[in-house]
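These notes concern the structure reproduced below.
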Amino acid sequence: LEKIEGVNVEPIIKEVAKALNIEYIDLDEVEIDMRLFSKVPYRQLLKYNTIPVEESDLNVLIVFNDPLDMAAQDAIQRLFPKKPIRIAIAKPKQINQYLQRLEINESIKGLVLDIRKDLSQEGSDEENDESPAVLKLIDIVLKSSIYAGASDIHIEATEKSCVIRERVDGMLRQSFTFDKDIFNPLASRMKLLTNLKYQRKIAAKVAGVGIDRVRFDPERIEEIEEAVTRRDISRLIAQGAITILKKKGTSRGRARARRGKRRGPGSYKGSKHARLSKKKRWMRKIRALRRALREMRDSGLISKREYRELYPRLSVFLSIAHLKSHVKRRVLAERGE
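Mapping the sequence shown onto this note's numbering, position 123 (from 1) lands on 123, and the numbers just tick up by one.
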């Protein structure tokens with residue numbers, strides 16, 4: 001029903017929950033305990049379309065896409081042998097969105113483990129912001145936000161987790177969710193990356209450019225932070241720790257074309273995104289994804305039912321590689337490998 005435009009499925013799901021005497025959960029309004037995901041394999045969550053929400057002294061709250069699937073309930077109950085599970089229902093769209101976020105978190109689980117390992121070795125959150133794993137994690141977060149066209153990023157520590165949200169088209173949306181112990185090293189490193197205004201101004205004066213053209217090497221932030229004189233900044237510029245972007249300037253291609261100098265940019269007019277609008281970029285990406293999905297269906301990698309399920313959700317995938325990774329995980333989960 002969610003695929004039908006104009007149909008509000010929330011009251012229908014609430015009536016189903018009332019008839020089955022189970023709880024309805026709005027996943028956008030509750031805080032999910034991320035520690036539970038370490039107890040449940042991602043393949044099992046994907047296979048049964050379930051999300052563990054919270055654990056109390058008496059039971060574990062689990063949201064199911066199909067609350068009548070007894071096989072799914074038995075499989076999840078075996079993962080929590082000491083406590084009974086409490087069954088709830090939510091919108092299928094919300095469950096799919098959380099599973100997609102978890103897929104991204106699964107791909108960077110190694111970085112999170114490295115950060116946690118450094119935390120245990122150093123014994124201090126403040127010292128651990130020097131970990132290269134933190135820098136790689138921040139790089140992934142920034143790239144994801146840039147690809148999504150986000151204007152700003154919010155990092156928040158809740159009672160149970162560390163939540164990263166990005167603002168796209170004026171609306172905040174959740175992009176990453178980590179365990180709470182990741183917040184301190186992540187936030188402290190982000191502050192270092194953004195709180196170097198003095199060094200940026202000095203570098204701009206030394207190089208004779210605007211501050212927008214000054215860039216810092218994220219792996220040498222501590223060294224840049226200690227630089228307080230013009231001589232220190234000049235040394236870092238010479239070493240490459242501080243770089244100056246080239247001036248864009250005004251293109252002379254059109255002027256050369258008018259004068260008959262036929263060696264220029266040709267028919268290109270404007271910058272990359274000026275030549276290719278946002279809509280055309282989206283069309284190019286979505287058509288490539290649809291082609292790839294059809295090839296998977298025709299080759300037998302996915303069934304016709306899976307093809308119909310994935311087709312309207314293609315816009316959430318960043319690339320063909322992202323789509324293939326998702327399909328591969330899904331196939332492995334269904335085979336139980």
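Every residue gets a Cβ at the ideal spot worked out from N, C-alpha and C, and that includes glycine.
None of the values given here were measured: they were computed from a predicted structure.
Taking 9 Å as the cut-off, the Cβ atoms of Gln199 and Ile224 count as close. Between Lys39 and Leu79 the beta-carbon gap is near 6 Å, inside 8 Å, which marks them as a contact. Secondary structure note for Glu295: its alpha helix (DSSP H) is the uninterrupted segment 278 to 299.
Measuring C-alpha to C-alpha distances from Pro52 to each of Val168, Ile76, Ala238, Met171 identifies Ile76 as the nearest.
For Phe178, the three-state secondary structure derived from DSSP is strand. Between Ala150 and Phe183 the beta-carbon gap is near 19 Å, outside 8 Å, which marks them as no contact. One Cα belongs to Glu222, the other to Val228, and the distance between them is close to 12 Å.
Its Cα nearest to that of Leu245, the residue Ala203 stands out among Arg297, Ile140, Ala203. Contact between the segment 78 to 97 and the segment 56 to 65 is present: 3 or more CB-CB pairs across the two stretches fall below 8 Å. Just so you know, the alpha carbons of Arg189 and Ile153 end up roughly 14 Å apart. Inclusion of Val141 and Pro185 in the CB contact set at 9 Å is not warranted, their separation being larger than that value.
Proximity of the segment 314 to 334 to the segment 40 to 60 meets the contact definition, three or more beta-carbon pairs being nearer than 8 Å. In the DSSP annotation of this structure, the continuous segment of the beta strand (DSSP E) that includes Ile87 starts and ends at 85 to 89. Under the three-state reduction of DSSP, Pro81 is assigned to coil, being neither helix nor strand. In this structure the segment 281 to 293 does not lie against the segment 230 to 250, because fewer than three pairs of beta carbons, one per stretch, are closer than 8 Å. Buried is the label assigned to Ser175, since at least 16 other Cβ atoms lie within 10 Å of its Cβ. Counting only the Cα atoms, Arg220 lies some 20 Å from Lys205.
With respect to the 9 Å criterion, Val209 and Lys247 are classified as neighbours on the basis of their beta carbons. DSSP places Ser161 inside the beta strand (DSSP E), whose first and last residues are 161 to 168. Excluding the 5 residues flanking it on each side, Val112 has same chain C-beta neighbours closer than 7 Å at Phe178, Ile182, in chain order.
Listed in chain order, the non-local C-beta contacts of Ser303 below 8 Å within the same chain comprise Arg297, local neighbours out to five positions each way being set aside.
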